[in-house]
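In terms of the numbering used here, the sequence shown opens at residue 87 and continues consecutively. For glycine and all other residues, C-beta sits at the position ideal for the given N, C-alpha and C. This structure is a prediction, so every number in the text was calculated from the model and none was measured. Read through the structure below, which is laid out as structure tokens, and then see the notes.
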Amino acid sequence: CPVNGAAHFTCDGCMAAHVAQADSLGGDAFDRIVCCDKRYTGCTGSFSWQEVMGHVDALSAETLRKHLRDAVAVQQREAIEAEFKQREAEREARSEVEREALKARRHIEEDIMALKCPRCGQCFGAFEGCAALT
């Protein structure tokens with residue numbers, strides 16, 4: 087693992103054991119394998135999948151692929167949940183606008199368009215019988 091000009095050695099057995107752990111994945115798209123010496127020396131190096139596959143057994147490689155599938159599934163689920171939350175917020179914002187529109191409509195229908203007694207506010211079909219207007 088060459089990092090900053092200083093290299094350290096990792097045997098194939100240790101590399102196989104390392105890639106079998108879920109925290110061995112790195113990179114934004116899980117396209118790199120972090121150096122197994124990271125937890126001991128703080129090494130910031132990483133390997134490509136091609137580099138690692140040449141040094142691990144079939145079982146470790148399959149375990150690494152499983153970790154990759156799991157990590158990608160978690161990432162996709164988080165993206166879907168974030169999109170759902172965004173749509174929910176947009177719906178609530180739209181609902182607030184719709185509620186305001188409904189309130190304005192009710193005001194027009196009930197307070198402006200309806201015939202009401204100016205004194206008591208009672209609705210009626212005609213002005214006949216209203217004591218305030220007679």
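Rounded to whole angstroms, what is the Cα-Cα separation between residue i and residue j?
i: V105; j: R173; result: 38 Å
i: G207; j: A187; result: 23 Å
i: A108; j: F170; result: 27 Å
i: G99; j: K124; result: 16 Å
Under the three-state reduction of DSSP, which class applies to residue i: helix, strand or coil?
i: L145; result: helix
i: R151; result: helix
i: L111; result: strand
i: F116; result: coil
i: C100; result: helix
i: F170; result: helix
Return yes when at least one heavy atom of the ligand NAD lies under 7 Å from the C-beta of residue i, else no.
i: A147; result: Looking at this structure, you won't find the ligand NAD or any other ligand, since it has none at all.
What do you reckon, are the CB atoms on residue i and residue j nearer than 8 Å?
i: V120; j: S134; result: no
Measuring CA to CA, which of the options is closest to residue i?
i: Y126; options: A157, T96, P204 and H141; result: T96
i: V158; options: V183, T149, F116 and V138; result: F116
i: Q136; options: A179, P204, R151 and C129; result: R151
Could you check whether the stretch 187-196 touches the stretch 139-151, counting it as contact only if at least three pairs of C-beta atoms, one from each stretch, sit closer than 8 Å? Fewer than three Cβ pairs drawn from the stretch 187-196 and the stretch 139-151 lie within less than 8 Å of each other, which leaves the two stretches out of contact.
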